[in-house]
Each structure stands twice: as C-alpha cells, then as structure tokens.
Amino acid sequence: MEALLHQVLAGLATGGIYASLALALVMIYQATHLVNFAQGEMAMFCTYIAWSLVNAGVPYWGAFFLTVGIAFVLGVAIERIIIRPVQNGPVLGIVVVFIGLLVILYSIAGWIYTYTIKTFPSPFPSEALFGIRYMSPHQVGAIGVTLVVLVLLYAFFRFTPLGLAMRAAAQNPVSARLVGIRVGWMLALGWGLASAIGAIAGMMVAPIVYLDPGMMGGVLLYAFAAALLGGIENPWGAVAGGFIVGVAENVLGAFVIGNELKLAVALVLIIGVLLVKPSGIFGRVHVVRV
Amino acid sequence: MTRKNLVLLLVLLAVACVLPFLVTDYRTFQFTLVLIYAIALLGLNILTGYNGQISLGHGAFYAIGAYAAAILMDKFGVPYWLTIPAAGAVCLVAGFLFGLPALRLEGLYLALATFALGVTVPQLLKYHHVEQWTGGVQGIVIAKPEAPFGLPLSADQWLYYFTLAITVVMFLFGWNLLRGRVGRALVAIRDHHIAAEAMGINNALYKSLAFGVSAMYTGIAGALGAIAVQFVAPDSFNVFLSIVFLVGIVVGGLASISGAIYGALFIQFIPNFADEISKAAPWAIFGVLMIGFVYLMPTGVAGAIRMLRARWAARQTVSMKVKLKEETP
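So the sequences go chain by chain: A and B.
Per my numbering, the first sequence starts with residue 12, numbered consecutively.
Per my numbering, the second sequence starts with residue 193, numbered consecutively.
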C-alpha cells in the first residue's frame, strides 16, 4: 500500500511536468490548429541556456526567470520567421518544417554542449519539505511550480485585455481582426508563451532525467498523450490529462508491465484515445460540413 | 515511357552494373546502402507522397524487417535470400494492421500516432521477455553471405548485385502499381477523399493497403540492411531513422519514383561529408535543408529536374519552329 502511494505521488510529480508541456502544446493548437513536434526540443534547448547561466554564476532563480524570458523571445522569433510562411500550406509541409526545427535544435544543442549527460541543479532544499515522507522535495517543488504557472495563465487569459485579445484571435480570427486585434501578433505571442511554459517544464524535469539533447523525446510523447487524453482544445483537460498520464505511467511501470515498456503506455494511450474518443475526455466534438 | 527515357534508364542500369568494378569494396558497400535506402524511400513515398498519409514512424517497419531477417537467420538457420520475402510478408501484415486504426486519423494526428510508433518500437525490442529472440540491447550479429556458384566476386560485390536485382524488381513493381488503376486511386484519395469515394473507390481498403505495401517495401529494405550491416540492435532504429526517411523523400521529391533514388544518394553521402565538420553537422544540415526544401523546392530534386527538362524541351521546340519559319519563304 505504501509502495503504491509512493508511486502515485511520484506520478503526480512527473505528471505536473507532462501537464506543463501538454499545456504548451494545447496553447499552440488552440491558436493555430498545429501540433508542435519541436516543443520538446525547444524546451530542451532553453534548459541548456539555463544551465549555462547557472554555470556562469547567475543565482538559480535569476537564471530561471532570465531563461523564461529568453524562451519567450525564441518562441516569438520561431513563429515569425519559420512557421508563418508555411502556416496555411499543406499539412505535410508543416510537419516537415516542425521536424526540421526539431532536428536543428537537437543538433545545435549537441554541437554547443556535446552529447555527454550533465546534471542540472534543483532549486529546492534537499531535506524533506513540510515533513512529507513520500516525495522528494524536488517533486513537491515541481508540482508547486506547475500549479503556480497554471494559476498565472488562468489569470492572464481571464482578467487581462491582452489575454482576452489572444482568446478572441484563436477563436475567431476574422471577427477579431475586424475589431482591431492584430491576429498575427497574437499567434506569435501564443508561441512565445508556449515556449516559456515549455522551458519551465524543461527546467523542472532536468534534475530528474538529467540534461542531454535527447532528454525530451519521451517527455514529449507523454505530453502528446496527455493533451489528447484531456482533449487537445481544452487547457484544463490537458492539465488533468498530464496528471493522469503521469500516475498511470508510474503505477503501470512499477507494478504491471515493468519499466521497460513505459513508453508503450504513451503509444497505446495515443492510439487508443484517437480511436475511441478522438475529442478526448473533456473536449468538444467537432462537426464539419463538407 | 518515351524512348528517350528508356535509353536513359538502360544507360543508368549499365552504369550501376559496372560500378563495383570501378570502386573499392567500401564504396560498393555504401552504394548497396543507397539501393537499400531507395527501396525504403519508395515505400514511404507510396504512402506519404502518393496517398498523402504522413508517416513519421517508418523506421519501425524498417526495424521489424531487419529483426525478422536477423532472427530467421540466427535462430532458425534460414538462408539469407529467403528472409527477404519473409520480412516483406511480416511487414505487409504489420503495416496493414497498423493502417486499419490509422484510417480514422488524418494529417497531423496520423503524424502523431506514427511518431509515437517510431519512438516506441526500439524500446519494445529491448523488452526482456522477447530477449531470447531479439538479443536485447546487444542485438544480433549475422554472417555476411559469400558469392554463390564460385562467382569471382567479393562478399560486398555479391551483396551489391543481389540488392541491385531486388531493387530493380521492387521499382518495376512500384512503377507498375502506381501508373495503373491502384496508383490513380491512391492519388485521388490524397487529393480529395470524398470525391474519390463518390467515384467508387473503396477508401478504407486502398488506404490500409497503401500502408501495408509501403511497410512491405520498408521491411524488405530493413532485411537487406540487416544483411549488409551484419548487425541489428534496437538503438540503430530510433526515431531519427524515421526522420532520415522523411528527409529523403522531401529532398528527393514527393510522389516521384526517381525521387527515391536522389533521396537515397542524399541521405547516404551528405552525412559522410558533413561528419568531417562536426558530429552534429549532418543533422543541422538535414534540418536546414528540410525547411529550405519546403519553402523553395516543394517538389524536391526530382521536381527540379523535371522542370529543367521541360524548359529545355520547350526551348527545343521553339528553336525548331523558328528554324521552320526561316526555311519556308
């Protein structure tokens, strides 16, 4: 029983990280109806930037916020320069561009920082937090950071004029443009935000999986599964999906199928959801007139 | 096919036949790999280029083909030439079965599901319950076949001719398939699936069949690849292999048979040159080229060559007309 509890709590901690990345995917999907295959690699690259900053002597939280800022700029730049020209083209072209982006970021990271595995510092103290026995302080901290990000995002979209403009641009670009919203820039902002959230997820997962150019491959797959499970158009669903996938992965990995087949859980989930309920648990069903 | 094209093709084939006597054994081995990649790329092109179903997981079928061949040779002592059709059959079934659920997925979602397949398969191959067949992380080592009937060829040269023969057969089969009724149906589904359905094309059947045939091509390439490299291990079939195939068809030319050969030459030789700059350089070049081709040359090398030839032919006819006008007073 205690072992189960331990696995469930550990699952919640990694689930929080999946939830953040899934949220980043959903943000881009909502705005542009694209699934960003390079999301994981963008997060990985930003985590390397954070690592350089920390190694250069910047205090952790300073490096953290600086990286989030850099990630935001990077996201906006990628949308403006690389994605925009192909946005309305055929799907295959878009997928190829995303994969190209993934490969470029992967190889640049390998080029600059080499492929050797690096440790990444955790900002949280090493002794148990709040007397919680079952979770490491980093796990508690990662969940806390995820929740803070969620609350901030919710507040941003719900209570600020800019958030409202972004929602309008995503929901109905034509009408939004008619009332004077610059839709193109709203999409770019969405990319920036998604990239920043991804960077946070990367910095939270790096102390657990260690830093190397391929570290986000598996994480991205779980995030895809989480986003699909919750409904790819529903941010709350993506977060819930993230936690569900995190717990399922840990519990199944520990007790049922063994650690070797953990990734297969993601594959089965992705295909299963797409087959049985393509709109996800919390998503809306779309009806298209032909 | 015009007469000019036929002559060109025969000349090309003749060059391919004398090639092993002109270059070293190592180069011959590299050209064998080019032929193998060409088969795999043709397979992916049938699915993605002609039928419009995006696959980011064809490395998985390549892996299944390679493992089918390696296990048959290593555990059951099957001769190497028999493993090729066996691997093809296994992958035909595997591809068809994966194609059935894939019917419900379109565009980005299919890309996602196949991406998941490509990431997962190497991990499944390491699974300890199948280790007695797959050899786990260590993989399987197989012997290189020697030339039969006492032919005066080195093992590399013999394998090159063996691969060349299979490549020619596979390309003939592909060409025949794609220019006829089936090929037209595949293209019709890609361009407008509802209109295709209205014309009486069984979308479900053709789409899953395209998946099966495509996987069969890639599986046969995988089996040949395992024999050529003499080794299979889970980590040589990671998701980046699938991405290499995608690079190959984008660079070579989507929905083009000759594009498979240009793409194969590209993915075999460009990394060799780029490796001298840095270990990461091939991938950076691949990435930049992928984006560059989508922006500037969406039809790939094959499309560019087609365009140049058309332009040249147009100029010929214009100059001929001018000449005729000058001659007739």
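Each residue gets a CB set at the ideal place from its N, CA and C atoms; glycine is no exception.
The beta carbon of I154 (chain A) lies closer than 7 angstroms to those of L23, A24, G27 in the same chain, with the five residues before and after it left out.
In the three-state reduction of the DSSP assignment, L378 (chain B) falls in the helix class.
Restricting attention to alpha helix (DSSP H) runs no shorter than 4 residues, the region 338-380 of chain B encloses them at 347-371, ordered along the chain. In this structure, the straight-line span from the alpha carbon of A238 (chain A) to that of V284 (chain A) is close to 10 angstroms. Contact check for N243 (chain B) against A402 (chain B) passes: the beta carbons are separated by less than 7 angstroms. In terms of CA proximity to A230 (chain B), B:S406 leads the group B:A476, B:M512, B:S406. At a beta-carbon threshold of 7 angstroms, the residues of chain A lying near L438 (chain B) are V107, I110, ordered along the chain. For a cut-off of 8 angstroms, the C-beta gap from S247 (chain B) to L239 (chain B) is around 6 angstroms, short enough to register as a contact. Comparing alpha carbon positions, the residue from A:A42, A:F168, A:Y117, A:N183 closest to M226 (chain A) is A:Y117.
Residue pairing by DSSP leaves L264 (chain B) without any beta bridge partner.
Residue environment: A505 (chain B) is assigned as exposed (fewer than 16 neighbouring CB atoms within 10 Å of its CB, all protein chains considered).
Within chain A, the residues placing a beta-carbon under 8 angstroms from that of T240 (chain B) are L103, ordered along the chain.
In terms of Cα proximity to F131 (chain A), the closest of A:S31, A:A49, A:Y71, A:R91 is A:Y71.
Within the region 52-77 of chain A, contact with chain B at the beta-carbon level (separation under 7 angstroms) is assigned to no residue. DSSP links V333 (chain B) through a beta bridge to B:F423. Listed along the chain, the chain B residues whose CB falls inside 8 angstroms of the CB of G228 (chain A) are V311, V431.
Rounded to the nearest whole angstrom, the C-alpha separation of G455 (chain B) and V443 (chain B) is 6 angstroms. Your pair I94 (chain A) and V106 (chain A) does not check out as a contact, with CB atoms roughly 12 angstroms apart and the cut at 8 angstroms. Collapsing the DSSP output to three states places L45 (chain A) in coil.
When C-beta distances to chain A are compared with 9 angstroms, the residues of the region 465-498 of chain B below that value are S470, K471, A472, A473, P474, W475, A476, I477, F478, G479, V480, L481, M482, I483, G484, F485, V486, Y487, P490, in chain order. Taken through DSSP and simplified to helix, strand or coil, L263 (chain A) comes out as helix. Bridge pairing for L222 (chain A): A:K129 [DSSP].
For L295 (chain B), same chain residues with a beta-carbon under 7 angstroms away, outside a window of 5 residues either side, are A396, K399, S400 in chain order. If you ignore the 5 residues before and after G269 (chain B), its C-beta comes within less than 7 angstroms of no other C-beta in its own chain.
Pairing Y272 (chain B) with I419 (chain B) gives a Cβ-Cβ distance under 7 angstroms.
Cβ neighbours of G248 (chain A) within its own chain (closer than 7 angstroms, five residues either side excluded): G241, G242, G291, I292, F293, G294.
Note that the C-beta distance between G280 (chain B) and G411 (chain B) is below 7 angstroms. A contact between stretches requires three or more CB pairs, one per stretch, nearer than 8 angstroms, and the region 273-282 of chain A meets this requirement with the region 296-315 of chain B. Shown here, T25 (chain A) sits in a helix according to DSSP, grouped into three states.
In this structure, F437 (chain B) and G251 (chain B) form a Cβ contact; the two beta carbons are roughly 7 angstroms apart against a cut-off of 8 angstroms. In the DSSP assignment, E52 (chain A) falls within the unbroken alpha helix (DSSP H) covering 50-66.
Not a single CB atom of chain B sits nearer than 7 angstroms to the CB of E90 (chain A). Taking 7 angstroms as the CB threshold, Y259 (chain B) stays off the interface with chain A. Rounded to the nearest angstrom, the gap between the Cα atoms of P218 (chain A) and S133 (chain A) is 6 angstroms. Any Cβ of chain B closer than 7 angstroms to the Cβ of E260 (chain A) would place that residue at the interface, and such an atom is absent. Secondary structure in the region 239-284 of chain B: the alpha helix (DSSP H) runs of 4 residues or longer, each lying completely within the stretch, are 250-268 in chain order.
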